[in-house]
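See below for the structure under consideration.
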Amino acid sequence: MEFNSFEELMNYYKQYAKKCGFGVMTRRTEKGDDETVRYVTLGCARGGKARNRTLNVARPRPTGKTECKAKINALKVDGKFRLTTIHNIHNHGLSPKKSRFFRCNREVSDSVKRVLDINDEAGIRMNKSFGSLVVGAGGFENLPFLEKDCRNYIDKARHLRLGKGGAGALQEYFCRMQCKNPGFFALMDLDDEGRLKNVFWADPRSREAYQYFGDVVTFDTTYLTNRYGMPFAPFVGVNHHGQSILLGAGLISSEDTETFVWLFQTWLKCMGGITPKAIITDQDRAMKNAIVVVFPESRHRLCLWHILKKVPEKLSSYASYKSGMKNALLKCVYDSQSVEDFEKSWDQLITTYNLHENVWLKSLYTEREHWVPVFLKDCFWAGMSTTQRSESMNAFFDGYVHAKTNLKEFVDQ
């Protein structure tokens, strides 16, 4: 067989591999005097020996390498690539149904990238952005990429948006502040290429205030996404006058568990390792996972306002929504005087309105100990049941920062 170009050869072998159920990698290339490829070996992605890239010998990372010998060799003759060797025997099972998930077959098109960029700059979270792509494609099975591919693209795009000098100016600002006051705390998280991923800072007043008013902390990332696509993440408490106080803040490039773990650990280090007795957040899965890792002893409460705000979206399609269902739900949440009262009222709600198959209500019931007031009254919450403190603090920033504020100005304000 002959192919007019290396790209044509690669596309043909990738399509063949996708149909058979294995991934493809370029094992070897040789260039001629004109610096164009004259000889190439394409093979199964599970070829070669496994290399352990982690130093933790107790928990080595799994590997998919099996030293598979399946491959093709092609030589360029008279401007065309001609197959010289074909070896189709694999030493592992093939997975035609899963082959679209292999890295070599996943691709985010330019049109999808434009949608992701627009949604990201509009502050739309990735899970919702990806969900819209799934709906637009007519189902997850019709997408040639995964949600993590979209997240990886946006992470890189955010780094590029940062531009030259943004991170450098921020670092210089932090150095000046720390020289003026050693109590000023700041930490920047960089990727492998030295580009800014996340940043956290807290002034001496915030650190001192936490020593007195750190029992209950609210954390919210829904306020503002700056010009670089980095959500603003303030830690907020309440003082003895009932006033909101800032206890540190961050700008993060992604809202995944790994990023939240970094931010929470950095904040904890800033506050001398003293964990809050209680923390209030919105209903974010990645945030919840990070809290379990960093604050295992803290009582975690989900923002009641954010949960109840979704009631019309999740239940208004039912005919009985306005004729009693909504009021029954609110009465169950607010009027239950004991756990037994809540359980009885909830069972009655589900049975009366035939809500046994409602997935959203099932998930809420599973997490009832994190948001229903009667389950949380044994803990001190400083009068808070929502992230309203974060939102009131966000309102304070409205007069000073906005989506176009650059990094240095953002932190300075």
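In UniProt numbering, the protein residues as written are 1 to 413. Just so it is clear, CB atoms sit at the ideal spot from N, CA and C, and this is done for glycine as well.
Practice problem: Given a cut-off of 7 Å, decide if G242 and A202 are closer than it, judged by their beta-carbon atoms. | Solution: no
Quiz item: What does DSSP give as the partner residues of K277 in its beta bridges?
Solution: None; K277 has no bridge partner.
Quiz prompt | W305, buried or exposed, once every other Cβ within 10 Å from all chains shown has been counted against 16 | solution = exposed
Quiz prompt | Reduced DSSP category for S320 - H, G, I as helix; E, B as strand; rest coil | solution = coil
Quiz prompt | Three-state class that DSSP yields for S390 in the structure shown | solution = Low per-residue confidence applies at S390: pLDDT is 47, beneath 50, and the placement is therefore not dependable enough to give any value.
Exercise. Could you have a look at N105 and say whether DSSP puts it in helix, strand or coil?
Key: helix
Quiz item: Exposed or buried, F140, counting other C-beta atoms within 10 Å across all chains shown (16 or more means buried)?
Solution: exposed
Exercise. Determine whether the Cβ of R46 lies closer than 7 Å to any Cβ atom of chain B.
Key: Although the question refers to chain B, the structure presented lacks it and comprises just one protein chain.
Quiz item: Can you tell which of L143, A233 and L187 has the C-alpha that lies nearest to the C-alpha of K98?
Solution: Ranking L143, A233 and L187 by Cα distance to K98 puts L143 first.
Quiz item: Who are the near neighbours of W267 in its chain, counting only those whose CB is closer than 7 Å to its CB and skipping five residues on each side?
Solution: These residues qualify, in order along the chain: F200, F235 and G248.
Quiz item: Name the DSSP beta bridge partners of M289, please?
Solution: Note on residue identity: the sequence assigns Asn, not Met, to residue 289. N289 is not bridged to any residue.
Practice problem: Going by CA-CA distance only, name the one from G43, Q15 and A382 that's closest to H240. | Solution: Here the closest residue by C-alpha is A382.
Quiz item: Which value, in whole angstroms, describes the spacing of the CA atoms of residue 423 and L42?
Solution: Residue 423 lies beyond the residue range present for the chain, which begins at 1 and ends at 413; the question has no answer from this structure.
Exercise. My understanding is that I307 touches Q283, with C-beta atoms under 8 Å, so please give their C-beta distance in whole angstroms.
Key: Approximately 6 Å separates the beta-carbon atoms of I307 and Q283; this is inside 8 Å, confirming the contact.
Quiz item: In the segment 294 to 379, which residue ranges form an unbroken beta strand (DSSP E) of at least 3 residues, counting only runs that do not cross its ends?
Solution: 299 to 302
Quiz item: Expressed to the nearest angstrom, what Euclidean distance is found between the alpha-carbon atoms of V311 and L364?
Solution: 11 Å
Practice problem: For my contact list, C104 and H90 are in at a C-beta cut-off of 8 Å; report their separation, rounded to the angstrom. | Solution: Not really, about 15 Å apart at Cβ, beyond 8 Å.
Exercise. Return the residue from the list K148, D192 and Y173 that minimises the CA-CA distance to A186.
Key: Y173
Quiz item: Would the segment 27 to 41 and the segment 106 to 114 be scored as touching if the rule is three or more Cβ pairs under 8 Å?
Solution: Contact annotation: the segment 27 to 41 does not touch the segment 106 to 114, with fewer than three C-beta pairs closer than 8 Å.
Quiz item: Going by other Cβ atoms of all chains shown within 10 Å of its Cβ, with 16 needed for buried, is N231 buried or exposed?
Solution: Per the sequence shown, the amino acid found at residue 231 is Pro instead of Asn. P231 should be labelled buried.
Exercise. Would you list the one or two residues that DSSP bridges to S244?
Key: DSSP output for S244 lists V238 as bridge partner(s).
Quiz item: The alpha helix (DSSP H) with F260 in it runs from where to where?
Solution: F260 -> alpha helix (DSSP H) spans T257 to C270.
Practice problem: Determine the contact status of F342 and V374, defining contact as a CB-CB distance below 7 Å. | Solution: yes
Quiz item: Between N289 and the rest of its own chain, which residues show a CB-CB distance below 7 Å, the 5 nearest in sequence each way excluded?
Solution: T257
Quiz item: Which residues bound the alpha helix (DSSP H) around D189?
Solution: Looking at the DSSP string, D189 is not in any alpha helix (DSSP H); the run it does join, the beta strand (DSSP E), is F185 to L190.
Exercise. Please state whether DSSP places N142 in a helix, a strand or coil.
Key: helix
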